[in-house]
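Counting from 4, one number per residue, gives the positions in the sequence shown under the working numbering. Before any comments, here is the structure.
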Amino acid sequence: MINNNIISAYEKSGAEVIVMGRGIGFKKKQGEIKVDIGLVASAALCAFICGVTEPFEFGFMFLAPGLYVIYALLYGIFTVVTVLLGFRAGFSFSAGATDLLFSASLPAAQKTWLIIPLGIAAFIVFYVVFRFAILKFDLKTPGREDDDTDETTVKLANDNFTEVAKIILEGVGGKGNVASIDNCITRLRLEIKDYTAVDEKKIKSAGVAGVIRPGKNSVQVVIGTKVQFVADEFKKLCK
Numbered sequence: 004m005i006n007n008n009i010i011s012a013y014e015k016s017g018a019e020v021i022v023m024g025r026g027i028g029f030k031k032k033q034g035e036i037k038v039d040i041g042l043v044a045s046a047a048l049c050a051f052i053c054g055v056t057e058p059f060e061f062g063f064m065f066l067a068p069g070l071y072v073i074y075a076l077l078y079g080i081f082t083v084v085t086v087l088l089g090f091r092a093g094f095s096f097s098a099g100a101t102d103l104l105f106s107a108s109l110p111a112a113q114k115t116w117l118i119i120p121l122g123i124a125a126f127i128v129f130y131v132v133f134r135f136a137i138l139k140f141d142l143k144t145p146g147r148e149d150d151d152t153d154e155t156t157v158k159l160a161n162d163n164f165t166e167v168a169k170i171i172l173e174g175v176g177g178k179g180n181v182a183s184i185d186n187c188i189t190r191l192r193l194e195i196k197d198y199t200a201v202d203e204k205k206i207k208s209a210g211v212a213g214v215i216r217p218g219k220n221s222v223q224v225v226i227g228t229k230v231q232f233v234a235d236e237f238k239k240l241c242k
């Protein structure tokens, strides 16, 4: 069986090494780099030798579906280029290096040397496009997921609860912009009228652990277990 796209399948194995390496080179938590290198290296070895690329693909297709669409388009483009350039090779399993080694010696094989320049081209194109998309749209690929923080251990940087409440109120646009006030164990939960009036930097200057925007008109301020004290002062200021 002579296959037209074995080179594309082979190329993407190499390209994905750097694509998934995006989670290493540009990670938020540099302390986990060694762990990611181990995961990527084992998946890369499997893809190179056997042509099995699912460990790479499943690593980002559910976290960033849009990125998988880009990946499929690039793979299709390189398949077309491969056919147009006249590369021909057979495969028996999944277009890995093992298949290429044996199929390259068959009489029907043509221009198998193209695996090198096209592989390098795929490597560069995949990396540049993926890097741009990941950074531009802040896609949560492996190594870039939001950190899971135990909010019960969060400590408020400022113990002046009245002052904290005042700064948060200013940050959400004043009491006239507050529609409702609530809190859970660690967060001050607010519904606001005009979302454009919210200044997250101002809110964070109060010494809080973070600001979360679950909806267009929802603001959640991560304060920690002292949230009740801040919420009480916040409600007083809004009366």
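Backbone N, C-alpha and C fix where the C-beta goes; we use that ideal spot for every residue, glycine too. Model, not experiment: these values are computed from the prediction.
If you scan the stretch 87 to 151 from start to end, which runs of the alpha helix (DSSP H) of 4 or more residues do you find wholly inside it?
100 to 106, 118 to 139
Indicate whether the contact test is met: 3 or more Cβ pairs, each with one atom in the stretch 82 to 93 and one in the stretch 105 to 114, closer than 8 Å.
Touching, yes, given that three or more Cβ pairs across the two stretches are closer than 8 Å.
What are the boundary residues of the alpha helix (DSSP H) that includes I184?
For the purposes of this step, residue 184 is taken as residue 181 along the sequence shown, with counting starting at 1. Counting along the chain, I184 falls outside any alpha helix (DSSP H), though it belongs to the beta strand (DSSP E) covering 181 to 186.
Buried or exposed: which applies to S45, given that a residue is buried once 16 or more other Cβ atoms fall within 10 Å of its Cβ?
Here residue 45 corresponds to residue number 42 of the sequence shown, with the count starting at 1. Under this definition S45 is an exposed residue.
Whole angstroms is fine: what's the gap from G69's alpha carbon to A136's?
The residue given as residue 69 occupies position 66 in the sequence shown. The residue given as residue 136 occupies position 133 in the sequence shown. Approximately 9 Å, taken between the alpha carbons.
Is there contact here, the stretch 119 to 138 with the stretch 100 to 108, by at least three beta-carbon pairs under 8 Å?
no
For the candidate residues G79, F232, V167, whose alpha-carbon lies nearest to that of S208?
Position 205 of the sequence shown, counting from 1, holds the residue named residue 208. Closest by alpha carbon: V167.
Leaving out the 5 sequence neighbours to the left and right, which residues in its chain are closer than 8 Å to V211 when beta-carbon positions are compared?
Indexing the sequence shown from 1 puts residue 211 at position 208. For V211, where only same-chain residues beyond five positions count, the Cβ hits under 8 Å are L159, A160, V167, I171, V224, V225, I226.
Going by the DSSP bridge assignment, what does V214 pair with across the sheet?
What you label residue 214 is simply residue 211 of the sequence shown in a count that begins at 1. BP columns for V214 point to V224.
Between the alpha carbons of R134 and E60, how many angstroms are there, rounded?
By one-based count along the sequence shown, residue 134 stands at place 131. By one-based count along the sequence shown, residue 60 stands at place 57. C-alpha separation (whole angstroms): 16 Å.
Who are the near neighbours of E142 in its chain, counting only those whose CB is closer than 6 Å to its CB and skipping five residues on each side?
The sequence position of residue 142 within the sequence shown is 139, counting from 1. Contrary to the premise, residue 142 reads as Leu rather than Glu in this sequence. Result list for L142: A67, L70, in chain order.
Using 7 Å as the threshold, is the C-beta distance between A98 and G54 below it?
Counting from 1 along the sequence shown, the entry for residue 98 is found at position 95. Counting from 1 along the sequence shown, the entry for residue 54 is found at position 51. In this structure, G54 lies closer than 7 Å to A98 by Cβ.
As a quick exercise: from Y130, N186, T228, D197, pick the residue whose alpha carbon is nearest that of I238.
Translated into positions along the sequence shown, residue 238 becomes position 235. Before going on, a small fix: residue 238 reads as Lys here, not Ile. Comparing Cα positions, the closest option is N186.
Relative to the C-alpha of Y78, which candidate in S106, L109, Y130, V43 has its C-alpha closest?
Residue numbering aside, residue 78 sits at position 75 when the sequence shown is read from its first letter. Measuring from the Cα of Y78, the nearest candidate turns out to be Y130.
What is the rounded straight-line gap between the Cα of L191 and the Cα of V84?
For the purposes of this step, residue 191 is taken as the residue at position 188 of the sequence shown. For the purposes of this step, residue 84 is taken as the residue at position 81 of the sequence shown. L191 and V84: Cα-Cα distance of roughly 55 Å.
Span of the alpha helix (DSSP H) holding L66?
Against the sequence shown, residue 66 aligns to sequence position 63. Going by DSSP, L66 is part of no alpha helix (DSSP H) at all; its letter is neither H nor E.
Could you check whether the Cβ of N186 sits closer than 7 Å to any Cβ belonging to chain C?
Looking for chain C here will not work: only one protein chain is present.
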